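Here the sequence shown is numbered in the UniProt record's numbering, starting from 1 and rising by one per residue. The structure under discussion appears below in the form of structure tokens.
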Amino acid sequence: MATIKRKKKMSDFKKPELKMPGFGAILFTIVFIYILIMIINSINSSSPVIFTVEQSSYDTDFTATGLAIRKETLVTAKVSGMPYYYVRDGQKVSKSSNIYAMDSSGSIQNAMETIQANGGDAFTSDDYSNLKKQIKMFKTGFSDSSFGDMYSFKTSIDNNLLELFEEKAIEMAGGSTVSNMLNAEKAPFSGLVTYYQDGYENVTVKDISPELFDKTVYSKQTLKTENGVEAGSPVCKLVDDESWEIAILLTKEEYEKITKSSMISYTINDSSRKLTTDYEKLEKDGNYYIIVSFNKYISQYVNERFLDINFSFEESSGLKIPQTAIVEKEAYMIPVDFLTSGADDEEKIYFTQQVYKAGKETVDLISPLIYFQDERFCYVDMSEIDSDAVLKKTDSDETFSVATAARYTMSGVLCVTKGTAQFRRIVVKVSGDDYSIVEPGISYGISRYDRILLDGKSMNEGDMLN
Numbered sequence: 001m002a003t004i005k006r007k008k009k010m011s012d013f014k015k016p017e018l019k020m021p022g023f024g025a026i027l028f029t030i031v032f033i034y035i036l037i038m039i040i041n042s043i044n045s046s047s048p049v050i051f052t053v054e055q056s057s058y059d060t061d062f063t064a065t066g067l068a069i070r071k072e073t074l075v076t077a078k079v080s081g082m083p084y085y086y087v088r089d090g091q092k093v094s095k096s097s098n099i100y101a102m103d104s105s106g107s108i109q110n111a112m113e114t115i116q117a118n119g120g121d122a123f124t125s126d127d128y129s130n131l132k133k134q135i136k137m138f139k140t141g142f143s144d145s146s147f148g149d150m151y152s153f154k155t156s157i158d159n160n161l162l163e164l165f166e167e168k169a170i171e172m173a174g175g176s177t178v179s180n181m182l183n184a185e186k187a188p189f190s191g192l193v194t195y196y197q198d199g200y201e202n203v204t205v206k207d208i209s210p211e212l213f214d215k216t217v218y219s220k221q222t223l224k225t226e227n228g229v230e231a232g233s234p235v236c237k238l239v240d241d242e243s244w245e246i247a248i249l250l251t252k253e254e255y256e257k258i259t260k261s262s263m264i265s266y267t268i269n270d271s272s273r274k275l276t277t278d279y280e281k282l283e284k285d286g287n288y289y290i291i292v293s294f295n296k297y298i299s300q301y302v303n304e305r306f307l308d309i310n311f312s313f314e315e316s317s318g319l320k321i322p323q324t325a326i327v328e329k330e331a332y333m334i335p336v337d338f339l340t341s342g343a344d345d346e347e348k349i350y351f352t353q354q355v356y357k358a359g360k361e362t363v364d365l366i367s368p369l370i371y372f373q374d375e376r377f378c379y380v381d382m383s384e385i386d387s388d389a390v391l392k393k394t395d396s397d398e399t400f401s402v403a404t405a406a407r408y409t410m411s412g413v414l415c416v417t418k419g420t421a422q423f424r425r426i427v428v429k430v431s432g433d434d435y436s437i438v439e440p441g442i443s444y445g446i447s448r449y450d451r452i453l454l455d456g457k458s459m460n461e462g463d464m465l466n
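Structure representation (structure tokens):
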């Protein structure tokens, strides 16, 4: 029997009515938005920070690393053996004079062993005094930053001790008689003798690169040894010319500072001698160098490859302002020939502007703000003269259209001493990381105790100080 399915009658449902917000909710929303706006305005309208201009000075001295470049020749042994030296480190020799010898009999070697066994009793008080003096000088100039120099100092002391041992050994072994029995080698040319090599012997100015100034990979090897040397190995080095150079690696800022003058003043290492010389400029592969040439002092630095060059400049004094205060402004460059004086004023601070009234040509005297002037131009505030103005030269038909004037970008600050942000021109003498020293007493400049904006972009020119 078939089942009849009945359709259920759906009940009618009414949609819920939307209720409008009450007056209290609307009022709360309005008050909340108002408070939020006031908070935002309060944050944005915070008073700008003011800086008071003071007199100050700036120490611009700095130290850079110099690389000694000399004409150096390594002298190699002709035969194998134990070398003994006639010449002290840094001593000058003439051509064909003896510089070292090979001990073939072993007599000097035996004398050396005797001296060492006696604990250096053969040394004189002067010998010890000279060694103490060298150690004292090194201690005086030592600092953590010069830690790498300790290895060079050790090499120097080792060389001096070995020289003393050799001198005493030759004396004990028979003096000049024994010296004549040795295979003496003579200097191929005159020069200074030194006993180290560092791989820089053939470096010239053309080879200069920043890598050569890296002290962390620099290696200095003494040529004096207690062991024998093989034929062909270097035994000493001759510096064959009094002429030498110092190449100095600089940053771009240091380079620009130095090259403002054709002469430089400096000291080398801790010397009290202040030198003033000319120099050569060198820009290579994006790096900046200067080259200083000498024809003396080479004996003082013959054992040093790296030198501290302490540059000194005249102390710059003036008005101190923060770098953040500096802004820029453009001015019209108008020829000074168009300046004229007024009827009751002999000072030339006016321009004659050509105008047309009722179809007739006439002229007006205008006196826009002139920030400063030089021999050719005066630099005029662009807001105080119409860009389409035509100026006329006094007692002449020659005219000048301001629209064609070049524009000059000035550096300055916003001065708020009078309550309004006014542009004041500056001329920077020395620029540092945080502050600059500017010239006092310039036209439309700043003075000591003037109040300027610490952030030159926190207000616009003409704004009132809150």
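We put the beta carbon where it would ideally sit given N, CA and C, even for glycine. These figures come from a predicted structure and were not determined experimentally.
beta-carbon residue i near the ligand GTP non-hydrogen atom, thresh 7 Å
{"i": "K457", "result": "You won't find the ligand GTP in this model; it holds no ligand whatsoever."}
Residue range of the beta strand (DSSP E) that includes residue i
{"i": "I258", "result": "No beta strand (DSSP E) holds I258; the alpha helix (DSSP H) holding it covers 252-258."}
{"i": "D278", "result": "Counting along the chain, D278 falls outside any beta strand (DSSP E), and DSSP gives it neither H nor E."}
{"i": "V355", "result": "348-357"}
{"i": "L212", "result": "Careful: L212 lies outside any beta strand (DSSP E) and carries neither H nor E."}
{"i": "R407", "result": "406-415"}
{"i": "F189", "result": "That residue, F189, is in no beta strand (DSSP E); it is neither H nor E in DSSP."}
{"i": "residue 472", "result": "Because the chain in this structure spans residues 1 to 466, residue 472 falls outside the shown range and cannot be described."}
{"i": "Y435", "result": "435-438"}
{"i": "I370", "result": "370-373"}
{"i": "R451", "result": "451-453"}
{"i": "D381", "result": "377-381"}
{"i": "V399", "result": "The question names Val, but residue 399 in the sequence shown is Thr. Its beta strand (DSSP E) spans residues 399-401."}
{"i": "V235", "result": "234-239"}
Beta-carbon gap between residue i and residue j smaller than 8 Å
{"i": "L74", "j": "K186", "result": "no"}
{"i": "F306", "j": "K215", "result": "yes"}
{"i": "G90", "j": "S243", "result": "no"}
{"i": "T52", "j": "Y449", "result": "yes"}
{"i": "Y288", "j": "Y255", "result": "yes"}
{"i": "V93", "j": "V193", "result": "yes"}
{"i": "I366", "j": "F351", "result": "yes"}
{"i": "G419", "j": "M464", "result": "yes"}
{"i": "Y266", "j": "S312", "result": "yes"}
{"i": "F189", "j": "K71", "result": "no"}
{"i": "V355", "j": "D345", "result": "no"}
{"i": "M102", "j": "V87", "result": "no"}
Nearest candidate by alpha-carbon position, reference residue i, set the options
{"i": "A247", "options": "K393, T417, K284, G412", "result": "K284"}
{"i": "F62", "options": "D308, A325, I99", "result": "D308"}
{"i": "I264", "options": "D240, K252, S293, D241", "result": "S293"}
{"i": "residue 467", "options": "D241, M410, V336", "result": "Absent from the model: residue 467. The displayed extent of the chain is 1 to 466, so no value can be given."}
{"i": "Q323", "options": "T222, L249, V355, S411", "result": "S411"}
{"i": "M65", "options": "A406, D364, S209, D278", "result": "Reading off the sequence, residue 65 comes out as Thr, not Met. The shortest Cα separation from T65 among A406, D364, S209, D278 belongs to S209."}
{"i": "F372", "options": "Q354, Y356, I349", "result": "I349"}
{"i": "T409", "options": "I326, R273, N303", "result": "I326"}
{"i": "A403", "options": "S367, K457, Y332, I69", "result": "Y332"}
{"i": "S56", "options": "S436, K457, L465", "result": "S436"}
{"i": "T399", "options": "F338, L27, M102", "result": "F338"}
{"i": "Y218", "options": "Q134, P83, Q197", "result": "Q197"}
{"i": "K320", "options": "I35, F28, E54", "result": "E54"}
{"i": "K220", "options": "N227, E226, Y195, I26", "result": "Y195"}
{"i": "A184", "options": "I334, N466, I99, L391", "result": "I99"}
{"i": "K83", "options": "V235, D397, L275", "result": "Residue identity differs from the one stated: residue 83 is Pro in this sequence, not Lys. If we check each option's Cα against that of P83, V235 comes out closest."}
{"i": "K257", "options": "E226, A231, E314, I334", "result": "E314"}
{"i": "E201", "options": "K252, K260, E304", "result": "E304"}
{"i": "T251", "options": "T276, G286, R273", "result": "G286"}
Neighbourhood of residue i by C-beta distance below 7 Å, restricted to the same chain and skipping five residues each side
{"i": "S233", "result": "T76, A77"}
{"i": "D278", "result": "S262, M263"}
{"i": "R430", "result": "Before going further, note that residue 430 is Val rather than Arg in the sequence given. Counting only Cβ-Cβ distances below 7 Å, and skipping sequence neighbours, we find Y58, T60, S316, S436, I437."}
{"i": "I291", "result": "V205, E245, A247, Y279, E280, L282"}
{"i": "V203", "result": "I69, L212"}
{"i": "V427", "result": "V438, E439, I442"}
{"i": "V31", "result": "none"}
Own chain, CB closer than 8 Å to residue i, minus 5 neighbours either side, in chain order
{"i": "L369", "result": "V380, D381, E384, Y444"}
{"i": "D455", "result": "P48, V49, T324, A325"}
{"i": "L414", "result": "A325, V327, A421, Q422, F423, R424, I452, L453, G456, M459, E461"}
{"i": "S176", "result": "Its pLDDT being 48, under 50, S176 is placed unreliably in this model, and the value from its coordinates should be taken loosely. Same-chain partners within the cutoff: there are none."}
Cut-off 6 Å between Cβ atoms - residues of its own chain near residue i, not counting five sequence neighbours on either side
{"i": "G191", "result": "L238, V239, D240"}
{"i": "I268", "result": "L307"}
{"i": "K407", "result": "Note that residue 407 corresponds to Arg in the displayed sequence, not to Lys. Excluding positions up to five away in sequence, the list reads E330."}
{"i": "N466", "result": "S47"}
Self-check item: Segments assigned beta strand (DSSP E), at least 3 residues, entirely inside the stretch 289-346
Solution: 306-311, 316-322, 327-335, 339-341
Only counting runs of 3 or more residues, tell me where the beta strand (DSSP E) segments fall wholly within the stretch 35-105, in order along the chain.
Runs of the beta strand (DSSP E) inside the stretch 35-105: 50-52, 54-58, 62-69, 72-76, 82-85, 98-103.
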